[in-house]
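In the numbering used here, the protein residues as written are 771 to 1382. These notes concern the structure reproduced below.
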């Protein structure tokens, strides 16, 4: 999606609600524009582009990292997938999200609220109003108005869906006819928010085309996929499955050939993409048109150092990639003992990575000592890590990162968040559809269908290129030593010896032969969603919705899962940043309504009951 005239759009959206009847007294301030400038197809499209621009959170510094649509805080750090990372003294509000002790004054949820309602929903509603007025004036046709309105409603639904993930149903319902948003309560009838979201998406799905000429614009299938995910949050499986079946039957999408095709810049907008958030770098200062909400989450230490070392995968997640002799997950015992890690071990000291059989997706998802990290060389552990005692032994999550060969051409050349890059965020992709379909089938006891779709994803992982390069040394000093036998330019940071003809670790993965019961099928689906989507901001929300299933999460409650993770973490991080003493309860499933919003709308907005 091209980003044109966004500055003009922003100015307009901030000023369009003000007018004066004495036209001869009205003076347009320099740099502003009037509403009638947008009363044609070109103007409306500019407004839509400005609304799309909000999806990626490109308004830093009006909002900051708490607004990220990738939900690395609420969906990943708050779960068993990841730690806050970095140091305990940096971005302290995220410590409370990680430890499930969030207060209403925490600035991160406040940013999410402002992004969703004050920026996203507001822009969508104002755009719809301009569409309606322009259609009434006869400047655009009814078909054109419908197409524009369908995109705007898709975007409004997306902002509402994101807000509901974080705050639940305690959010105000604001549409294009709301005269005074400050007087709208956030206490709603049961199901009202979900209906508002899915009604918008039904309109979008009915009126949007199957494909768009410009990448990044919503299609009918994007609307269907988002509606399916919205229904799944409430375990409305039949409603979700009907939409998923339409997407599958369309033949518009296929699984990409390689797992990493969903996380490499060169494969942006591939055959698997359903709705992809476009990332542009070096078009404006600080590359604000890339997804700045994750601007802190890049490696920090050593030769690879950028900023700022946040969002580091957990030991629990690493352990989850263990497989048995058949290459299948170890559901019940995966976290009994920890896979080898270099926590507290200097780079110049001996460390031997685990030889335990692992799902090959592991080293595409997290980066650990002694394993090649894209084309940056061999991860040297402590020397590449900002502060292991606080953030754990693993580098910030690998999926959004870029290759060394792409630095400064496809990564930012301005600003201090130097890891920002042109890697799109695959918000909705065919993998989601396949695994959600498997979940629906498992829920209704269709074991054969669940097996087919889970194994489709596992087969792709089996066929994908594993991380290559078996490291043959156990000490990784900071200085560059003479090349060892078998080394190449790709390991120059270590001076180590690497056999590039071998996989980096003992990778094994197998297909499920059958499922004995619906509960077994559901557990396999849940596990597959964790392995496939790890660190992508979904885990906490998945645990929360599965908590309402009869068998919950493999026979465990959400609280059981997260508290087992917390107790296991006490073996890894012994600093105050660790999970020692912290406990998750059902009162921690949603973020509080931000205090600054409650203070602005006293008597109108209400706090969630668990935070009163």
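For every residue, glycine included, the Cβ atom is placed at its ideal position computed from N, Cα and C. Just so it is clear, the structure is predicted and the values come from calculations on it, not from any experiment.
What number of angstroms, rounded off, separates the C-alpha of residue 1166 from the C-alpha of residue 1330?
For this step, residue 1166 is matched to residue 396 along the chain shown. For this step, residue 1330 is matched to residue 560 along the chain shown. Between residue 1166 and residue 1330, the C-alpha separation is close to 26 Å.
For the alpha helix (DSSP H) containing residue 1080, name the first residue and the last one.
For the purposes of this step, residue 1080 is taken as residue 310 along the chain shown, with counting starting at 1. From DSSP, residue 1080 is part of no alpha helix (DSSP H) but of the beta strand (DSSP E) over 1080-1083.
For the region 1300-1320 and the region 845-855, state whether three or more C-beta atom pairs, one from each stretch, are separated by less than 8 Å.
Counting Cβ pairs under 8 Å, three or more are found: they touch.
What runs of the alpha helix (DSSP H), each 4 residues or longer, lie entirely inside the region 864-940?
DSSP runs (the alpha helix (DSSP H)) wholly in the region 864-940: 877-883, 892-906 and 912-937.
Environment of residue 1178 [buried if 16+ CB atoms lie within 10 Å]:
Working through the chain shown from its first residue, we reach residue 1178 at position 408. Answer is exposed; the Cβ neighbour count stays below 16.
Own chain residues within Cβ distance below 7 Å of residue 981, not counting five before or after
Along the chain shown, one-based indexing puts residue 981 at 211. Same-chain partners within the cutoff: 989.
Can you grab the Cα-Cα spacing for the pair residue 1358 / residue 809, in whole Å?
Here residue 1358 refers to the residue found at position 588 of the chain shown. Here residue 809 refers to the residue found at position 39 of the chain shown. For residue 1358 and residue 809, the distance between alpha carbons rounds to 46 Å.
Using the C-alpha atoms, what's the distance from residue 1284 back to residue 1201?
As a working mapping, residue 1201 is identified with position 431 in the chain shown. As a working mapping, residue 1284 is identified with position 514 in the chain shown. About 21 Å.
Answer yes if the region 823-830 comes into contact with the region 1059-1066, meaning at least three C-beta pairs across the two stretches below 8 Å, and no otherwise.
Using a C-beta cut-off of 8 Å, the region 1059-1066 makes contact with the region 823-830, since at least three inter-stretch Cβ pairs fall below that distance.
So, under 8 Å CB-CB, residue 1207 and residue 1223 are touching, yes? Tell me the CB distance rounded to an integer number of Å.
Here residue 1207 refers to the residue found at position 437 of the chain shown. Here residue 1223 refers to the residue found at position 453 of the chain shown. Their Cβ separation, rounded to whole angstroms, is 5 Å, which keeps residue 1207 and residue 1223 in contact under 8 Å.
For residue 1093, list the residues DSSP reports as bridge partners.
Position 323 of the chain shown, counted from the first residue, corresponds to residue 1093. 1099.
Could you spell out where the beta strand (DSSP E) holding residue 855 opens and where it closes?
Within the chain shown, the letter at position 85 stands for residue 855. Counting along the chain, the unbroken beta strand (DSSP E) around residue 855 starts and ends at 852-855.
Could you work out which residue in 854, 965 and 893 is closest to residue 819 when comparing CA atoms only?
For this step, residue 819 is matched to residue 49 along the chain shown. Comparing Cα-Cα distances from residue 819 to each of 854, 965 and 893, the minimum goes to 893.
For the beta strand (DSSP E) containing residue 1238, name the first residue and the last one.
As a first step, residue 1238 must be located in the chain shown, where it is residue number 468. For residue 1238, the uninterrupted beta strand (DSSP E) segment begins and ends at 1238-1241.
Option in 868, 1189 and 839 with minimal Cα separation from residue 1161:
Walking along the chain shown from the start, residue 1161 turns up at place 391. Taking only the C-alpha atoms, the option nearest residue 1161 is 868.
Coarse secondary structure for residue 971, derived from DSSP in three states
The residue given as residue 971 occupies position 201 in the chain shown. Note: residue 971 maps to helix in three-state DSSP.
Using the Cβ count rule (16 or more neighbours within 10 Å means buried), how would you classify residue 953?
As a working note, residue 953 is residue 183 in the chain shown. Exposed, because fewer than 16 other Cβ atoms sit within 10 Å of the Cβ of residue 953.
Considering Cα atoms alone, identify which of 1301, 1351, 1322 and 947 is closest to residue 1333.
By 1-based counting over the chain shown, the position of residue 1333 is 563. Residue 1333 has its Cα closest to that of 1351, out of 1301, 1351, 1322 and 947.
At the level of alpha carbons, what is the spacing between residue 993 and residue 974?
Stepping through the chain shown from its first residue, residue 993 is reached at position 223. Stepping through the chain shown from its first residue, residue 974 is reached at position 204. The straight-line gap from Cα to Cα measures roughly 6 Å.
Which partner residues of residue 1269 appear in the DSSP bridge assignment?
The sequence position of residue 1269 within the chain shown is 499, counting from 1. Beta-bridge pairing links residue 1269 to 1240.
How long is the line joining the alpha carbons of residue 1031 and residue 948, rounded to whole angstroms?
Translated into the one-based positions of the chain shown, residue 1031 becomes position 261. Translated into the one-based positions of the chain shown, residue 948 becomes position 178. If you take the alpha carbons of residue 1031 and residue 948, they lie about 43 Å apart.
May I ask you to report which of helix, strand or coil DSSP gives residue 1143?
Numbered from its first residue, the chain shown carries residue 1143 at position 373. Coil.
Helix, strand or coil at residue 1335 according to DSSP, with G and I counted as helix:
One-based indexing of the chain shown puts residue 1335 at position 565. The answer is helix: DSSP assigns residue 1335 an H, G or I state.
Straight-line CA distance for residue 1113 to residue 1158?
The residue labelled residue 1113 in the question sits at position 343 within the chain shown. The residue labelled residue 1158 in the question sits at position 388 within the chain shown. Rounded to whole angstroms, residue 1113 to residue 1158 spans 6 Å at the Cα level.
Thinking C-beta only, is residue 1083 closer than 7 Å to residue 1025?
Numbered from 1 along the chain shown, position 255 holds the residue referred to as residue 1025. Numbered from 1 along the chain shown, position 313 holds the residue referred to as residue 1083. The answer is no: Cβ separation not under 7 Å.
What separation, rounded to the nearest whole angstrom, lies between the Cα atoms of residue 877 and residue 807?
For this step, residue 877 is matched to residue 107 along the chain shown. For this step, residue 807 is matched to residue 37 along the chain shown. Going by the C-alpha atoms only, they are around 36 Å apart.
Per DSSP, cross-strand counterpart(s) of residue 1326:
In the chain shown, the residue the question calls residue 1326 occupies position 556. According to DSSP, which records beta bridges pairwise, residue 1326 is partnered with 1323.
If you draw a straight line from the alpha carbon of residue 857 to that of residue 1081, how long is it in whole angstroms?
The sequence position of residue 857 within the chain shown is 87, counting from 1. The sequence position of residue 1081 within the chain shown is 311, counting from 1. It is roughly 11 Å from the alpha-carbon of residue 857 to the alpha-carbon of residue 1081.
Rounded Cβ spacing between residue 995 and residue 825 (contact assumed at less than 8 Å)
Counting from one through the chain shown, the residue named residue 995 turns up at place 225. Counting from one through the chain shown, the residue named residue 825 turns up at place 55. Not quite, the Cβ-Cβ distance comes to about 15 Å (not below 8 Å), so this is no contact.
Can you check whether the CB of residue 946 is closer than 7 Å to the CB of residue 899?
Here residue 899 corresponds to residue number 129 of the chain shown, with the count starting at 1. Here residue 946 corresponds to residue number 176 of the chain shown, with the count starting at 1. If you check the CB distance, residue 899 and residue 946 come in under 7 Å.
Is any beta-carbon of chain C found at less than 7 Å from that of residue 1104?
No chain C appears in the structure shown, which is made up of a single protein chain.
For my contact list, residue 1076 and residue 1189 are in at a C-beta cut-off of 8 Å; report their separation, rounded to the angstrom.
By 1-based counting over the chain shown, the position of residue 1076 is 306. By 1-based counting over the chain shown, the position of residue 1189 is 419. The beta-carbon separation of residue 1076 and residue 1189, rounded to 4 Å, stays under the 8 Å limit for a contact.
Are the CB atoms of residue 1043 and residue 1199 nearer to each other than 7 Å?
For this step, residue 1043 is matched to residue 273 along the chain shown. For this step, residue 1199 is matched to residue 429 along the chain shown. Taking 7 Å as the Cβ cut-off, residue 1043 and residue 1199 qualify as a contacting pair.
Quick one: measure Cβ to Cβ for residue 1090 and residue 1315, integer angstroms, because I've assumed they're closer than 8 Å.
Position 320 of the chain shown holds residue 1090. Position 545 of the chain shown holds residue 1315. Actually they are not in contact, since the Cβ atoms of residue 1090 and residue 1315 sit about 19 Å apart, beyond 8 Å.
Are three or more beta carbon pairs between the region 1004-1019 and the region 1208-1215 nearer than 8 Å?
Short answer: they touch.
Closer than 7 Å by C-beta to residue 1010: which residues in its own chain qualify, once you throw out the five before and the five after it? Chain order, please.
As a first step, residue 1010 is located in the chain shown; it is residue number 240 there, counting from the start. Once the five neighbours on either side are set aside, the close Cβ partners of residue 1010 are 998, 1001, 1002, 1206 and 1210.
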